[in-house]
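A short write-up of the structure that comes next.
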Amino acid sequence: MRVSRVQAAENRQTVINVASRLFRERGFDGIGLKDLMEGAGLTQGAFYKQFASKEDLAVEASRRALESASGRWSEATARNPDDPLGEVIGFYLSADHREERMDGCPIVALGADAARQGPDVKAAFEAGIKAHLEVLGRFIAENSDEASRDKAMAILATMVGAVTLSRVVNDPDLARALLDAAAAQVRATAAA
């Protein structure tokens, strides 16, 4: 049975959404096309009607995951426009975010994997990282654009590193301490 263009477009978006979540949970190489397409409710044969390759899907799924992450930052800042950085720190450096394998930060979940991917996946991550830095730069706007940029980079690196480290330890007290230490450091960096 032939699928309409509208249905094909919807199927493509479904696959991208599912891949965005499953890649964050299992990594780019941690899930095969068969399981990915089953997760989207489609056949494996439908994949090649939608995407040129798994890398093509990885690019699209990375963009979607990073857009989702940026959206979460925007939602957080809207909740507390008087302290947007505090609101982002509150959700990003939380135990709940630490446990969000499928919906958490794609930079944390896939950063090491993305470094081993092709230039198109890296470009998607670079664009997402730049978007995060731009948002952070607005939170800490100073007289010097360079000073704001440097602080934003230090803050993002601290937050991503803390969530990554908190996920790789078994001790929940150590995981919490890593997140708390990062939150304190981020606040100090922003205030300096």
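Residues in the sequence shown are numbered from 7 upward in steps of one, following the numbering used here. We put the beta carbon where it would ideally sit given N, CA and C, even for glycine.
Judged by DSSP in its simplified three-state form, ASP177 adopts coil rather than helix or strand. Assigned with DSSP and collapsed to three states, PRO87 falls in coil, not helix or strand. If the five residues before and after LEU116 are omitted, its C-beta is found closer than 8 Å to the C-beta atoms of PHE29, ARG30, GLY33, PHE34, SER68, ALA71 and PHE131, all from its own chain and listed in chain order. Here THR20 carries a helix assignment [DSSP, helix/strand/coil].
Exposed is the label assigned to LYS40, since fewer than 16 other Cβ atoms lie within 10 Å of its Cβ.
Nearest to VAL21 by alpha-carbon distance, out of GLY36, SER10 and LYS55, is LYS55. When DSSP states are grouped into helix, strand and coil, ARG122 belongs to the coil group. When the beta-carbon positions are compared, LEU180 and ALA168 stay at least 8 Å from each other. Comparing C-alpha distances from ALA64 to each of ASP151, ALA183 and VAL127 shows the shortest one belongs to VAL127. One thing to note: ILE113 has its Cβ no nearer than 8 Å to the Cβ of VAL174. Contact fails between the stretch 36–51 and the stretch 78–89, because fewer than three Cβ pairs, one in each stretch, are under 8 Å apart. About 6 Å separates the CB atoms of HIS138 and LEU162; that is less than 8 Å, so the two are in contact. In the structure shown, ILE95 falls within a helical segment according to DSSP collapsed to helix, strand and coil.
With a beta-carbon spacing of about 36 Å, ARG27 and ASP151 fall beyond the 8 Å limit used to define contacts.
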